[in-house]
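FYI, in the working numbering the residues of the sequence shown are 27 to 230.
Glycine is no exception: its CB is placed at the ideal position from the N, C-alpha and C atoms.
Here is the structure we will look at, set down as structure tokens.
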Amino acid sequence: SLQRTEKILSTTFSYDFNDGNLDDFIVEDYDEYQDYTWELEEDGEGYYLVSYSHIAEYVENDYVTYLEAADERIITKAAYAITEHSVLAMDINVNGMYGDTVAVEITKDGKNFVQVGVVGDDEYTYSSEWLPKKVNIGARMAELGLEFGEYQISLYHKAVTSRPFFIDNLSLTERGLVYPAGNYYLVAAADSTFTVEVKSVDYD
27 SLQRTEKILS TTFSYDFNDG NLDDFIVEDY DEYQDYTWEL EEDGEGYYLV SYSHIAEYVE
87 NDYVTYLEAA DERIITKAAY AITEHSVLAM DINVNGMYGD TVAVEITKDG KNFVQVGVVG
147 DDEYTYSSEW LPKKVNIGAR MAELGLEFGE YQISLYHKAV TSRPFFIDNL SLTERGLVYP
207 AGNYYLVAAA DSTFTVEVKS VDYD
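See the structure below:
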């Protein structure tokens with residue numbers, strides 16, 4: 027049988043964060059450590075988004091204790107049209123720490139949020155490499171019975187570890203399953219007269 031492949035039909039936004047600013051986002055920090063929240067960091071090749079809310083404290087015998095307290099959101103200032111084909115994609119790096127996750131949410135008013143996905147190192151790789159992840163927002167909204175429309179998108183980090191959570195190449199796209207280009211043949215059989223209409227749709 028012929029297998030369809032996923033293709034990006036359109037791109038709503040795409041951020042590699044290399045301009046060094048978060049002008050299109052609102053940062054909300056709910057924990058007590060206001061200086062440790064969603065921010066941009068540079069690694070010599072460019073900028074990336076990081077949630078880094080734990081604070082190191084020196085105690086007896088110079089032992090370091092980490093306060094695991096991240097509770098923060100970064101929200102798009104603009105609302106975007108979400109359809110059944112909407113997918114949020116990103117690269118993540120959890121610095122080898124399995125179990126920490128970031129929730130993907132949508133909101134209409136910036137106060138009430140609905141979780142539509144979760145990203146994290148769920149492959150038990152304990153990897154320190156960048157991992158591509160995607161959340162099928164449209165499909166999840168359909169499962170939840172939510173109405174498609176204009177929504178702001180939020181990344182919500184409530185840490186369970188003492189490691190930072192890195193995100194890069196954040197994009198919202200429309201994706202669909204399409205057949206590869208080629209020659210196709212239709213075989214049909216019927217006991218009475220019928221008609222067949224074949225349409226070709228160009229997504230390029």
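Using only alpha-carbon positions, find the residue among Asn47, Thr38, Ala96 and Asp45 that is nearest to Thr63. Checked all of Asn47, Thr38, Ala96 and Asp45; the closest Cα to Thr63 is Ala96.
Buried or exposed (CB count within 10 angstroms, at least 16 for buried), Tyr210: Exposed, since its Cβ has fewer than 16 Cβ neighbours within 10 Å.
Would you report the Cα separation of Leu48 and Ala168, rounded to the nearest angstrom? Their backbone Cα atoms lie some 30 Å apart in a straight line.
Got a sec? Which residues, its chain only, sit under 7 Å from Asp230 by beta carbon, not counting five neighbours each side? Its pLDDT being 45, under 50, Asp230 is placed unreliably in this model, and the value from its coordinates should be taken loosely. If we look at Asp230 and ignore the five residues flanking it on each side, it has no Cβ neighbours.
Close-in-space but distant-in-sequence residues of the same chain around Ala214 (CB under 8 Å, 5 per side omitted): Excluding residues within five positions, the ones whose Cβ falls inside 8 Å are Phe220 and Val222.
Look at the alpha carbon of Tyr78 and the alpha carbon of Pro190, and state the distance between them as a whole number of angstroms. The alpha-carbon atoms of Tyr78 and Pro190 are separated by roughly 5 Å.
Measure the CB-CB distance between Tyr182 and Ala129 and report whether it falls below 8 Å. Cβ distance < 8 Å, so Tyr182 and Ala129 count as in contact.
Relative to the C-alpha of Leu203, which residue among Leu170, Val113 and Glu98 is closest? Closest option to Leu203, Cα to Cα, is Val113.
When burial is assigned at 16 or more other CB atoms within 10 Å of the CB, is Val53 buried or exposed? Val53 is exposed by the Cβ-count criterion.
Check Glu169 in the structure and name its three-state DSSP category. Helix, per DSSP.
Alpha-carbon spacing of Asp45 relative to Glu155, whole angstroms: If I take the Cα positions, the gap works out to 23 Å.
Taking only the alpha-carbon atoms, compute the straight-line gap between Ile132 and Ser180 and give it to the nearest angstrom. Looking at the two C-alpha atoms, the distance is approximately 6 Å.
Could you compute how far the alpha carbon of Val76 sits from the alpha carbon of Gln29? Pairing Val76 with Gln29, the inter-Cα distance amounts to about 38 Å.
Given a threshold of 16 other Cβ atoms within 10 Å of its Cβ, counted over all protein chains shown, does Asp135 qualify as buried or as exposed? Residue environment: Asp135 is assigned as exposed (fewer than 16 neighbouring CB atoms within 10 Å of its CB, all protein chains considered).
Of the choices Val142, Phe39 and Asp50, whose alpha-carbon is the least far from that of Ile101? Checking every option, the nearest Cα to that of Ile101 belongs to Asp50.
Report buried or exposed for Lys159, applying the criterion of at least 16 other Cβ atoms within 10 angstroms of its Cβ. Label assigned to Lys159: buried.
Enumerate in chain order the residues of its own chain whose CB-to-CB distance from Arg201 is below 7 Å, with the five nearest sequence positions on each side excluded. Cβ within range, chain order: Glu32, Lys33, Ile34, Leu35, His111 and Val113.
Measuring alpha carbon to alpha carbon, tell me which of Ile108, Tyr74 and Leu157 ends up nearest Ile118. Cα-wise, what sits closest to Ile118 is Leu157.
So, using beta-carbon positions, are Phe43 and Leu66 closer together than 8 Å? A contact, by the Cβ cut-off of 8 Å.
Using the Cβ count rule (16 or more neighbours within 10 Å means buried), how would you classify Gly70? Classification for Gly70: exposed.
Whose C-alpha, out of Thr37, Gly72 and Val224, is nearest the C-alpha of Glu194? The amino acid occupying residue 194 in the given sequence is Asp; Glu does not appear at that position. Nearest C-alpha to Asp194: Gly72.
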